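Protein chains: 2
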Amino acid sequence: MYLRCLQRLKSNAIRTVSSEALAKAAGVKPTQLRKDLTYFGQFGTRGLGYDVEELTRMISDLLGTNSLQPVILVGVGNLGSALLAYRGFEKEGFEIVAAFDLLPGAKRNRAKPVFSMEKLQEFIRERGVRMAIITVPATVAQEVTNQLVEAGISGILNFAPLVLQVPEEVVVNNVNLAIELENLSYFIQS
Amino acid sequence: MYLRCLQRLKSNAIRTVSSEALAKAAGVKPTQLRKDLTYFGQFGTRGLGYDVEELTRMISDLLGTNSLQPVILVGVGNLGSALLAYRGFEKEGFEIVAAFDLLPGAKRNRAKPVFSMEKLQEFIRERGVRMAIITVPATVAQEVTNQLVEAGISGILNFAPLVLQVPEEVVVNNVNLAIELENLSYFIQS
DNA sequence: AATTGTGAATTGATTCACAGCT
DNA sequence: AGCTGTGAATCAATTCACAATT
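From first to last, the protein sequence lines are chains A and B.
With the first letter of the first sequence counted as 1, position 87 gets the number 400 in the numbering used here; the numbers rise by one all the way through.
With the first letter of the second sequence counted as 1, position 130 gets the number 443 in the numbering used here; the numbers rise by one all the way through.
Dropping the structure here:
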């Protein structure tokens, strides 16, 4: 989040920012921001603030965002197609290098290649891909996950609405749109 | 999350579940689950567990998920189109009743009507819509938000990668796909 | 004068440990 | 015997308050 805000500042030719201003932009409190940063070192100048350029570089290094990470996507339905077409990732250092689906033929005419599921493990191994996005139906998500893990994937962004069982060295982030809506719905009932 | 797991159990004709089993399915610890539930009352039977049917009903009531909530969507790009076509919401009690875009004409041939932005506020007011999904570019997201809030929206699911400024009675949930990927990427660098 | 960096204090969430039901 | 419900203990995150620095 901080990185995103810093990039916005940079594109507005702002050189220096106080914890107060950056925190406001990121939607957190100034002390929170300062505490967060000190876990990784001291980057500010007292009385002045943080150098936008320098702080940007340090967070990028930390996140390992400086090199382009290849990512694959499994399940080219509505959501999968949208993510394939979405350009927003590349700016942040990720590239969806290929997609996989049971029916790759029907999913042609896209910028990205869509392969059949048989090619999945071979592709992961040959290209050394470490991250995958799962946009398959819940019923097959665990089976797909098993294949991914077996082939060496260590990070999964899961859009299927269930909890995936994985070995502990594999990291899963879940995005569940229905839960987000329910959450909103709960908090606005007043 | 619990609700989702309970529904799965129900469809497998399972009548009763222990905190241990349900917690496992939801990816949390048993004590966590029990503590969570007791914030709202006592629903289990000692020595036996929870009645799937009863617990389902109580969580549904709590979430207000029993009545169908109308939701609108603003910004019919790649992601917006995918969400419009996504059926997963309806099962959870939400219906995207309309979408809005600067160029509604180009976005026809869908199950849902796509209106021009001029119709936005009128629609919200007439239909009493309380929730909106924002899938517009970051550059116009704040402006769209202002319009939504002015028309009476009180819950926003925001996919634009920036922090929206809203009055405190309005709830915003952010979904930022690039941040999810970055997060994964950070935790798998070993 | 402004603003960071950070121990200490506070607040909040999770887990333990076990009493209490069925 | 099995399993929930929960006060107490622990662990983690946030915020305060202010010394240190430019």
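Built from N, CA and C at the ideal position, the CB exists for glycine as well.
Note that the structure is a prediction, hence the values are computed from the model and not measured.
Provide the residue span of the alpha helix (DSSP H) that contains residue i, from first to last.
{"i": "Gly393 of chain A", "result": "Asn391 to Ala398"}
{"i": "Tyr315 of chain B", "result": "Tyr315 to Ser324"}
{"i": "Ser332 of chain B", "result": "Ser332 to Ala339"}
{"i": "Lys348 of chain A", "result": "Pro343 to Thr351"}
Starting from residue i, follow its DSSP beta bridges and name the residues at the other end.
{"i": "Glu456 of chain A", "result": "In DSSP, Glu456 of chain A forms no bridge with anything."}
{"i": "Leu470 of chain B", "result": "B:Ile446 and B:Asn486"}
{"i": "Thr369 of chain B", "result": "Bridge partners of Thr369 of chain B: none, in fact."}
{"i": "Leu357 of chain A", "result": "In the sequence as displayed, the identity of residue 357 of chain A is Gly instead of Leu. Per DSSP, A:Tyr363."}
Kindly indicate if chain B contains any beta-carbon less than 8 Å away from that of residue i.
{"i": "Gly441 of chain A", "result": "no"}
{"i": "Gly360 of chain A", "result": "no"}
{"i": "Ser331 of chain A", "result": "no"}
{"i": "Gln345 of chain A", "result": "no"}
{"i": "Ala339 of chain A", "result": "yes"}
{"i": "Arg370 of chain A", "result": "no"}
{"i": "Ser505 of chain A", "result": "Look at the range of chain A in this structure, 314 to 503, and you will see that residue 505 of chain A is not part of it."}
{"i": "Val365 of chain A", "result": "no"}
{"i": "Gln320 of chain A", "result": "no"}
{"i": "Arg438 of chain A", "result": "no"}
{"i": "Arg423 of chain A", "result": "no"}
{"i": "Arg317 of chain A", "result": "yes"}
The beta strand (DSSP E) that contains residue i, what's its start and end?
{"i": "Gly362 of chain A", "result": "Gly362 to Asp364"}
Compare the C-beta of residue i against all C-beta atoms of chain A and say whether one is closer than 8 Å.
{"i": "Glu408 of chain B", "result": "no"}
{"i": "Asn486 of chain B", "result": "yes"}
{"i": "Val476 of chain B", "result": "yes"}
{"i": "Gln355 of chain B", "result": "no"}
{"i": "Val384 of chain B", "result": "yes"}
{"i": "Leu376 of chain B", "result": "yes"}
Completely contained beta strand (DSSP E) runs for the region 372-453 of chain A, where each covers 3 or more residues = 382-387, 407-414, 427-429 and 444-447
Using a Cβ cut-off of 8 Å, which residues of the region 490-502 of chain A contact any Cβ in chain B, in chain order?
-> Leu490, Ala491, Ile492, Glu493, Leu494, Glu495, Asn496, Leu497, Ser498, Tyr499, Phe500, Ile501 and Gln502
Given a limit of 7 Å on CB to CB distance, which residues of the region 445-474 of chain B reach chain A?
-> Ser467, Gly468, Leu470 and Pro474
If you measure beta-carbon to beta-carbon, which residues of the region 389-416 of chain B are closer than 7 Å to chain A?
-> Asn391, Leu392, Ser394, Ala395, Ala398, Tyr399, Gly401, Phe402, Glu405 and Phe407
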